[in-house]
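See structure below.
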Amino acid sequence: ADARRFAELRRAGFNRVSIGVQAFDDDLLRAVDREHTAAEAVAAVDTARKARFDNVSLDLMFGLPGQTQAQWEATLERALELGTPHLSVYALTLEPGTRFERLHAGGKLVLPGEEAELAMYESAITRLREAGFEHYEVSNFAWPGYRARHNLLYWRNGEYLGFGAGAVSYVDGRRWTREKQPGRYIQKVGSGADLAVEAESLDGEAAVAETLILGLRLLEGLDLRRVARRFGAEALSTAQEHLDALEREGYLRREGDRVRVTHRGLLFSDHVALQLLPDPSPRRRTPAGTATGPAP
882 ADARRFAELR
892 RAGFNRVSIG
902 VQAFDDDLLR
912 AVDREHTAAE
922 AVAAVDTARK
932 ARFDNVSLDL
942 MFGLPGQTQA
952 QWEATLERAL
962 ELGTPHLSVY
972 ALTLEPGTRF
982 ERLHAGGKLV
992 LPGEEAELAM
1002 YESAITRLRE
1012 AGFEHYEVSN
1022 FAWPGYRARH
1032 NLLYWRNGEY
1042 LGFGAGAVSY
1052 VDGRRWTREK
1062 QPGRYIQKVG
1072 SGADLAVEAE
1082 SLDGEAAVAE
1092 TLILGLRLLE
1102 GLDLRRVARR
1112 FGAEALSTAQ
1122 EHLDALEREG
1132 YLRREGDRVR
1142 VTHRGLLFSD
1152 HVALQLLPDP
1162 SPRRRTPAGT
1172 ATGPAP
């Protein structure tokens, strides 16, 4: 970690930093091609604190190749010893077309398996709650007052503007992505060209589905009355059948107008999201710059 860079960021007004630790085990870090060591991860936390970053979050991963329950619990304990106020825990995901996905398909990359992953996730929930963390989102835990406000905006499907290469914006039902390649982005800025390379407009049903999928990642759930006021009762009615089915199956529970995941829904949040996905037809793909909405 570069102490000078941390100090420059702090002086510029940044007050929170997230560090991608993944694991406090050098063998596991090598297994997922991470260049840092466990000792360097600890040093990065110390460097951030010396730069006056009190709000530090650590990213941890479970379900890594060859990872055992004992190794995962050791990583959790080391993270707790460091005393950072926010922790994010994620399962390893094999993206299609990646080297890891090909190795796994060929039997050369052995992962713990679904039952072992569930055990790791549940142990994280139990241990971090015991340590005083609020479990406020599927993968996120925080001390009181230290929730990730930036990400809360996304989970509540709020509007946002993104600046810089690859940045995404979402306003008035339109989402667009800026030029991802930094060199081309700089050229376009200099020439005044349109910076958007992808654009997507969501109609009511698609926007409702996205709001539900994101909102149900939060353990507080979401208020269906607010969803109806924002997008219209008719748009919400299409998703109602899926919500009812998920409730019958034990993935969701309702308390008045509020709906949230049960413990079962928490463990199988990807299944909940898949059931709420709309037919692809409500989403309208458009060439960049042709959709209605604010200019990027």
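The sequence shown begins at 882 in the numbering used here and counts up by one. Glycine included, C-beta positions come from ideal geometry on N, C-alpha and C. Predicted, not measured: the structure shown is a model, and the values here were computed from it.
1) From Gly901 to Arg915, what distance separates their C-alpha atoms?
2) What number of angstroms, rounded off, separates the C-alpha of Lys1061 from the C-alpha of Gly1137?
3) Spatial neighbours of Ala1154 within its chain, please: C-beta separation below 6 Å, excluding the five flanking residues on both sides.
4) Which residues bound the alpha helix (DSSP H) around Glu962?
5) Taking all protein chains shown into account, do 16 or more other C-beta atoms lie within 10 angstroms of the C-beta of Asp1053, making it buried, or fewer, making it exposed?
6) DSSP three-state call for Phe1044: helix, strand or coil?
7) Beta-carbon separation of His917 and Ser938 under 8 Å?
8) What first and last residue would you give for the alpha helix (DSSP H) that runs through Ala1126?
9) If you draw a straight line from the C-alpha of Arg1145 to the C-alpha of Gly1071, how long is it?
10) Would you identify the three-state DSSP class for Ser1020, choosing helix, strand or coil?
11) How many whole angstroms separate the CB atoms of Leu957 and Val913, which I take to be in contact at a CB cut-off of 8 Å?
12) Would you decide whether Arg1010 is buried or exposed? Buried here means 16 or more other CB atoms lie within 10 Å of its CB.
13) Check whether the Cβ atoms of Thr1119 and Leu1133 lie closer than 8 Å to each other.
14) Pick from Ala1109, Glu982, Ala1087 and Leu1097: whose alpha carbon is nearest that of Leu1158?
15) If distances are taken between C-alpha atoms only, which option among Leu984, Asp935 and Gly1073 comes closest to Gly1026?
16) How is His1144 classed by DSSP in three states: helix, strand or coil?
17) Could you pull out every residue in the same chain whose Cβ sits closer than 7 Å to the Cβ of Asn1021, ignoring the five residues on either side in sequence?
18) May I ask you to report which of helix, strand or coil DSSP gives Asn1032?
19) Look at the Cβ atom of Trp1024, then the Cβ atom of Arg1098, and state whether they are nearer than 8 Å.
20) Does DSSP classify Leu1105 as helix, strand or coil?
21) Verify whether the separation of the beta carbon atoms of Glu1018 and Phe943 is less than 8 Å.
22) Write down the C-beta distance between Leu1124 and Val1108 rounded to the nearest angstrom, noting that I regard them as a contact closer than 8 Å.
For this structure:
1) On the sequence shown, residue 901 is found 20 positions in, with the first residue counted as 1. On the sequence shown, residue 915 is found 34 positions in, with the first residue counted as 1. Our two residues, Gly901 and Arg915, have alpha carbons roughly 10 Å apart in a direct line.
2) By one-based count along the sequence shown, residue 1061 stands at place 180. By one-based count along the sequence shown, residue 1137 stands at place 256. A direct Cα-to-Cα measurement between Lys1061 and Gly1137 gives close to 44 Å.
3) On the sequence shown, residue 1154 is found 273 positions in, with the first residue counted as 1. So the qualifying residues of the chain are Ile1094.
4) The residue given as residue 962 occupies position 81 in the sequence shown. It spans Gln950 to Leu963 - the alpha helix (DSSP H) in which Glu962 sits, taken as one unbroken run.
5) Residue 1053 sits at position 172 when you count from the first residue of the sequence shown. In this structure Asp1053 is exposed. Its beta-carbon is surrounded by fewer than 16 other beta-carbon atoms within 10 angstroms.
6) Your numbering for residue 1044 matches position 163 in the sequence shown. Phe1044: coil per DSSP, three-state reduction.
7) As a first step, residue 917 must be located in the sequence shown, where it is residue number 36. As a first step, residue 938 must be located in the sequence shown, where it is residue number 57. In this structure, Ser938 does not lie closer than 8 Å to His917 by Cβ.
8) If you number the sequence shown from 1, residue 1126 lands on position 245. Here the alpha helix (DSSP H) through Ala1126 covers Ala1114 to Arg1129.
9) One-based indexing of the sequence shown puts residue 1145 at position 264. One-based indexing of the sequence shown puts residue 1071 at position 190. Their Cα atoms are separated by approximately 51 Å.
10) Numbered from 1 along the sequence shown, position 139 holds the residue referred to as residue 1020. It is coil, neither helix nor strand.
11) For the purposes of this step, residue 957 is taken as the residue at position 76 of the sequence shown. For the purposes of this step, residue 913 is taken as the residue at position 32 of the sequence shown. With a beta-carbon spacing of about 17 Å, Leu957 and Val913 fall beyond the 8 Å limit used to define contacts.
12) Locating residue 1010 in the sequence shown gives position 129, counting from the first residue. Of the residues assessed, Arg1010 falls on the exposed side of the cut-off, its CB having fewer than 16 other CB atoms within 10 angstroms.
13) To locate residue 1119, count along the sequence shown from 1; it is residue 238. To locate residue 1133, count along the sequence shown from 1; it is residue 252. With contacts defined by Cβ atoms closer than 8 Å, Thr1119 and Leu1133 do not form a contacting pair.
14) Within the sequence shown, numbered from 1, the residue matching residue 1158 stands at position 277. It is Ala1087 whose Cα lies nearest to the Cα of Leu1158.
15) Stepping through the sequence shown from its first residue, residue 1026 is reached at position 145. If we check each option's Cα against that of Gly1026, Asp935 comes out closest.
16) Taking the first residue of the sequence shown as position 1, residue 1144 is located at position 263. Helix at His1144.
17) Locating residue 1021 in the sequence shown gives position 140, counting from the first residue. The beta carbon of Asn1021 is closer than 7 Å to those of Ser969 and Ala1029 in its chain, skipping five residues each way along the sequence.
18) What you label residue 1032 is simply residue 151 of the sequence shown in a count that begins at 1. Three-state result, Asn1032: helix.
19) Residue 1024 sits at position 143 when you count from the first residue of the sequence shown. Residue 1098 sits at position 217 when you count from the first residue of the sequence shown. With a cutoff of 8 Å on beta-carbon distance, Trp1024 and Arg1098 are scored as not near each other.
20) Taking the first residue of the sequence shown as 1, we reach residue 1105 at position 224. In this structure, Leu1105 counts as helix in the three-state DSSP scheme.
21) Within the sequence shown, the letter at position 137 stands for residue 1018. Within the sequence shown, the letter at position 62 stands for residue 943. No, Cβ-Cβ distance for Glu1018 and Phe943 is not below 8 Å.
22) Locating residue 1124 in the sequence shown gives position 243, counting from the first residue. Locating residue 1108 in the sequence shown gives position 227, counting from the first residue. Not really, about 10 Å apart at Cβ, beyond 8 Å.
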